[in-house]
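Q: Next up is a structure, given as structure tokens.
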Ligand SMILES: Nc1nc2c(ncn2[C@@H]2O[C@H](COP(=O)(O)OP(=O)(O)OP(=O)(O)O)[C@@H](O)[C@H]2O)c(=O)[nH]1
Ligand SMILES: [Mg+2]
């Protein structure tokens with residue numbers, strides 16, 4: 001009675017129980033669930049000896065691990081992980097195999113992993129969908145930031161030009177009415193300029209972030225930590241390409257490395273520079289990052305051992321949409337982003353060729369002094 | 001008939017499953033359905049006189065949620081490294097995975113697939129990055145599971161390389 005129930009039970013749970021007989025085949029214990037039979041269309045289901053390897057390439061591989069497991073351990077379970085495989089009719093089944101040792105018997109369970117699979121699938125799908133949206137959002141933000149900057153830059157340029165023209169015009173000998181027109185025009189253009197400023201400050205969360213970062217000492221990013229993060233992130237990529245990435249061994253680990261800026265953008269700047277270096281440094285060579293304390297600034301350099309930037313291209317390097325022919329990123333926005341961001345923080349960025357060959361990209365950012373409560377921004381973010 | 005095991009390796013959402021679906025069943029779907037574990041498919045290709053049965057192991061993409069089980073690679077005669085050309089980081093991932101795979105199963109033929117070439121506006125791989133792979137002696141093919149471009153070529157190229165050995 002008991003035995004009969006057990007035989008039915010596993011089939012009811014959509015599990016196949018098999019015992020390893022020899023190197024070739026398995027013996028079926030209990031009743032065979034319908035789904036399993038479908039994989040063996042040509043064999044009568046009355047048969048109880050199976051060779052699984054031919055039907056399930058996945059199991060062929062798992063059985064190598066299972067065999068080790070059966071030899072070596074007398075307890076526990078070895079799981080294959082989920083796999084999916086179409087039956088001869090082309091219908092996909094999600095399965096999982098388990099190897100178990102039962103008093104010297106080598107037992108293999110194969111289960112139709114419907115709900116467990118669905119659960120794991122739902123979790124992974126959500127995680128990955130979120131990761132994808134996050135990544136594209138970050139990309140979009142960077143593009144928007146640049147767009148915003150460009151619009152702003154162009155607007156301000158034109159407003160300033162018009163304003164200057166009106167001013168010059170005012171110096172000409174004009175009729176009283178002419179002067180009135182000019183003063184109306186100048187008032188309007190000044191209002192326009194103020195409006196542009198206001199709109200930017202009100203609507204750009206970026207700007208707010210920037211202000212907060214500067215006045216709140218806990219928010220000031222630590223350049224040493226950011227650099228370390230970026231190095232850790234890139235190490236595997238460098239290794240995989242047989243290139244080296246290191247921080248200069250003489251960088252003082254103690255001391256104040258806080259700078260005026262904002263952490264995620266600062267890491268993006270470093271990321272852009274290190275990614276460029278990775279791309280251009282040849283196999284076997286080293287990219288080195290160094291940090292220097294200066295009086296008011298911290299200087300960061302990223303050196304590679306590539307060919308360097310052709311001299312005729314250097315002056316365009318940090319311009320938007322610039323590409324060294326066939327070399328830079330498609331959009332050509334990376335270095336431009338670095339420049340506008342560093343400048344906005346009152347810093348500077350540049351390129352110089354290294355005497356021994358290779359490229360050096362550098363930027364300096366104003367130190368965030370610990371006692372400092374007011375921002376010491378000598379240049380406002382956007383000078384009008 | 002000769003059988004060869006081929007693995008699809010690459011970061012998540014690069015198009016591994018879509019490439020297999022395009023090649024095996026000539027279908028394509030815009031909806032992203034991530035692979036959990038391994039998905040097995042088979043496809044018979046005719047190589048001149050010879051029939052070659054490809055056992056395709058579509059592996060889940062590696063990320064923080066799921067690490068690649070290296071034991072899945074055992075017995076592979078070749079593999080595809082799949083990159084999403086609109087996400088530059090997936091190329092870095094491909095380099096990392098390539099060295100892991102090679103450490104696990106040794107040197108076997110593989111093809112670097114730069115997938116999603118139909119998305120030219122979002123393309124993030126510059127020619128120098130592609131040249132770097134080519135200079136290492138890698139076979140690089142641009143593909144699109146969506147339009148089918150390069151897919152057949154990729155599988156046939158790898159099949160040919162596997163039979164040469
Ligand atoms: N435009 C375009 N989209 C593609 C292409 N290939 C795949 N996709 C889309 O990219 C997404 C991911 O494709 P999958 O084939 O599931 O990717 P995968 O590499 O198998 O992903 P994981 O199993 O999660 O590792 C889906 O939304 C596909 O529709 C392509 O060539 N062009
Ligand atoms: Mg997949």
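Protein chains in written order, with our numbering: chain A, 1 to 384; chain B, 1 to 165.
Where is the CB? At the ideal position from N, CA and C, for every residue including glycine.
#1: Mind checking if residue 142 of chain B is an interface residue toward chain A, Cβ cutoff 9 Å exclusive?
#2: Going along chain A in order, which residues have a C-beta closer than 7 Å to the C-beta of residue 96 of chain B?
#3: Take residue 107 of chain B as the anchor and find which of B/128, B/130, B/74 and B/123 has the nearest alpha-carbon.
#4: Only counting the same chain, and skipping five residues up and downstream in sequence, which positions put a Cβ closer than 8 Å to that of residue 8 of chain A?
#5: Is it a yes or a no for the region 112-125 of chain B touching the region 338-353 of chain A, going by three-plus beta-carbon pairs under 8 Å?
#6: From the DSSP output, in three-state form, read off residue 225 of chain A for me.
#7: Helix, strand or coil for residue 348 of chain A? Go by DSSP, reduced to three states.
#8: Determine, using beta carbons only, whether residue 86 of chain A comes closer than 9 Å to chain B.
#9: Take residue 315 of chain A as the anchor and find which of A/291, A/353, A/290 and A/280 has the nearest alpha-carbon.
#10: Is the separation between the beta-carbon of residue 141 of chain B and that of residue 154 of chain B shorter than 9 Å?
#11: Less than 9 Å between the beta carbons of residue 63 of chain A and residue 72 of chain A, yes or no?
#12: Alpha carbon to alpha carbon, how far is residue 119 of chain A from residue 82 of chain A?
#13: The region 114-129 of chain A: which residues have C-beta closer than 9 Å to a C-beta of chain B, in chain order?
#14: When the Cα of residue 36 of chain A is compared with those of A/163, A/24, A/187 and A/93, which residue comes out closest?
#15: Just the C-alpha distance for residue 78 of chain A and residue 100 of chain A, rounded to the nearest angstrom, thanks.
#16: In the DSSP assignment, what are the bridge partners of residue 84 of chain A?
#17: Taking CB distances under 9 Å as the criterion, tell me whether residue 314 of chain A reaches chain B.
#18: Helix, strand or coil, according to DSSP, for residue 211 of chain A in the structure here?
#19: Pull up the distance between the alpha-carbon of residue 271 of chain A and that of residue 337 of chain A, whole angstroms please.
#20: Please return the same chain residues whose Cβ sits closer than 8 Å to the Cβ of residue 150 of chain B, not counting the five positions on each side in sequence.
#21: Going by beta carbon distance, what residues of the same chain come within less than 7 Å of residue 235 of chain A, once the five residues before and after it are set aside?
#22: Residue 58 of chain A CB to nearest chain B CB: under 9 Å?
#23: If you measure from the CB of residue 280 of chain A, is any heavy atom of ligand 2 nearer than 8 Å?
#24: Could you give the residue range of the beta strand (DSSP E) that holds residue 301 of chain A?
#25: Between the Cα of residue 366 of chain A and the Cα atoms of A/350, A/311, A/307 and A/258, which residue gives the shortest distance?
#26: What ranges does the beta strand (DSSP E) occupy inside the region 147-208 of chain A, keeping only unbroken runs of at least 3 residues that lie completely in it?
#27: Would you say residue 66 of chain B faces chain A, with C-beta separation under 9 Å as the test?
#28: For residue 165 of chain A, is the classification buried or exposed, using 16 other Cβ atoms within 10 angstroms of its Cβ as the cut-off for buried?
#29: Let me confirm a value: residue 241 of chain A is counted as buried when at least 16 other C-beta atoms fall within 10 Å, else exposed. Which label applies?
#30: Give the single residue among A/163, A/228 and A/122 whose Cα lies nearest to the Cα of residue 36 of chain B.
#31: Would residue 244 of chain A pass as an interface residue toward chain B - the criterion being a Cβ-Cβ separation below 9 Å?
#32: Around the Cβ of residue 249 of chain A, are there at least 16 other Cβ atoms within 10 angstroms (buried) or fewer (exposed)?
#33: Looking only at its own chain, which residues have a Cβ that is under 6 Å from the Cβ of residue 98 of chain B, when we skip the five neighbours before and after it?
#34: When the Cα of residue 136 of chain B is compared with those of B/95, B/103, B/163 and B/126, which residue comes out closest?
#35: Given residue 101 of chain B, which residues of its chain have a CB within under 7 Å of its CB, disregarding the five upstream and five downstream residues?
#36: Would you list the residues sitting across from residue 79 of chain B in a DSSP beta bridge?
A: According to the structure data:
#1: Taking the first residue of the second chain as position 1, residue 142 of chain B is located at position 142. It does not: the Cβ of residue 142 of chain B has no partner Cβ on chain A nearer than 9 Å.
#2: The residue you call residue 96 of chain B lines up with position 96 of the second chain. Going along chain A in sequence order, the residues near residue 96 of chain B (Cβ under 7 Å) are 236, 237 and 240.
#3: By 1-based counting over the second chain, the position of residue 107 of chain B is 107. Residue B/74 is the option with its Cα nearest to residue 107 of chain B.
#4: Along the first chain, one-based indexing puts residue 8 of chain A at 8. Around residue 8 of chain A: 30 and 31.
#5: no
#6: Indexing the first chain from 1 puts residue 225 of chain A at position 225. Residue 225 of chain A falls in the helix class under three-state DSSP.
#7: Your numbering for residue 348 of chain A matches position 348 in the first chain. Three-state DSSP puts residue 348 of chain A in a strand.
#8: Position 86 of the first chain, counted from the start, is the residue given in the question as residue 86 of chain A. So yes, residue 86 of chain A belongs to the interface.
#9: Here residue 315 of chain A refers to the residue found at position 315 when the first chain is read from its first residue. Of the candidates A/291, A/353, A/290 and A/280, the one whose C-alpha sits nearest the C-alpha of residue 315 of chain A is A/353.
#10: Against the second chain, residue 141 of chain B aligns to sequence position 141. Against the second chain, residue 154 of chain B aligns to sequence position 154. Yes. Within cutoff.
#11: One-based indexing of the first chain puts residue 63 of chain A at position 63. One-based indexing of the first chain puts residue 72 of chain A at position 72. Their beta carbons are not under 9 Å apart, which means residue 63 of chain A does not touch residue 72 of chain A by this criterion.
#12: For the purposes of this step, residue 119 of chain A is identified with residue 119 of the first chain, where counting begins at 1. For the purposes of this step, residue 82 of chain A is identified with residue 82 of the first chain, where counting begins at 1. Distance between the alpha carbons of residue 119 of chain A and residue 82 of chain A is about 12 Å.
#13: 117, 120, 121, 123, 124, 125, 127, 128 and 129
#14: Mapped onto the first chain, residue 36 of chain A falls at position 36. Of A/163, A/24, A/187 and A/93, the residue nearest in Cα terms is A/93.
#15: Within the first chain, residue 78 of chain A is the residue found at index 78, counting from 1. Within the first chain, residue 100 of chain A is the residue found at index 100, counting from 1. Looking at the two C-alpha atoms, the distance is approximately 7 Å.
#16: Indexing the first chain from 1 puts residue 84 of chain A at position 84. Answer by DSSP bridge pairing, in chain order: A/94 and B/39.
#17: The residue you call residue 314 of chain A lines up with position 314 of the first chain. Closer than 9 Å: no.
#18: On the first chain, position 211 is the one that residue 211 of chain A refers to. Caution is warranted here: a pLDDT of 46 is assigned to residue 211 of chain A, below 50, making its placement in the model unreliable, and no coordinate value can be reported.
#19: Looking up residue 271 of chain A in the first chain gives position 271. Looking up residue 337 of chain A in the first chain gives position 337. Spanning the two alpha carbons is a distance of roughly 12 Å.
#20: On the second chain, position 150 is the one that residue 150 of chain B refers to. Only 113, 117, 141, 142, 143 and 144 meet the Cβ criterion.
#21: Working through the first chain from its first residue, we reach residue 235 of chain A at position 235. Closer than 7 Å at Cβ, skipping near neighbours: 245.
#22: Position 58 of the first chain, counted from the start, is the residue given in the question as residue 58 of chain A. Yes, its Cβ sits closer than 9 Å to a Cβ of chain B.
#23: Taking the first chain and counting its residues from 1, one reaches residue 280 of chain A at position 280. Not under cutoff, so the answer is no.
#24: In the first chain, counting from the first residue as 1, residue 301 of chain A sits at position 301. 297-303 is the extent of the beta strand (DSSP E) around residue 301 of chain A.
#25: One-based indexing of the first chain puts residue 366 of chain A at position 366. Per the Cα distances, A/258.
#26: none
#27: As a working note, residue 66 of chain B is residue 66 in the second chain. So, interface residue.
#28: Residue 165 of chain A sits at position 165 when you count from the first residue of the first chain. Looking at its Cβ environment, which holds fewer than 16 other Cβ atoms inside 10 Å, residue 165 of chain A is exposed.
#29: Start at 1 with the first residue of the first chain, and residue 241 of chain A comes out as number 241. Buried.
#30: Within the second chain, residue 36 of chain B is the residue found at index 36, counting from 1. Of A/163, A/228 and A/122, the residue nearest in Cα terms is A/122.
#31: In the first chain, counting from the first residue as 1, residue 244 of chain A sits at position 244. So no, residue 244 of chain A is outside the interface.
#32: Residue 249 of chain A sits at position 249 when you count from the first residue of the first chain. Answer is exposed; the Cβ neighbour count stays below 16.
#33: As a position in the second chain, residue 98 of chain B is number 98, starting the count at 1. Cβ within range, chain order: 81.
#34: Along the second chain, read from residue 1 onward, the residue named residue 136 of chain B stands at position 136. Answer by Cα proximity: B/95.
#35: The residue labelled residue 101 of chain B in the question sits at position 101 within the second chain. If we look at residue 101 of chain B and ignore the five residues flanking it on each side, its Cβ neighbours are 9, 73 and 79.
#36: In the second chain, the residue the question calls residue 79 of chain B occupies position 79. Looking at the DSSP assignment, residue 79 of chain B forms a beta bridge with B/7 and B/110.
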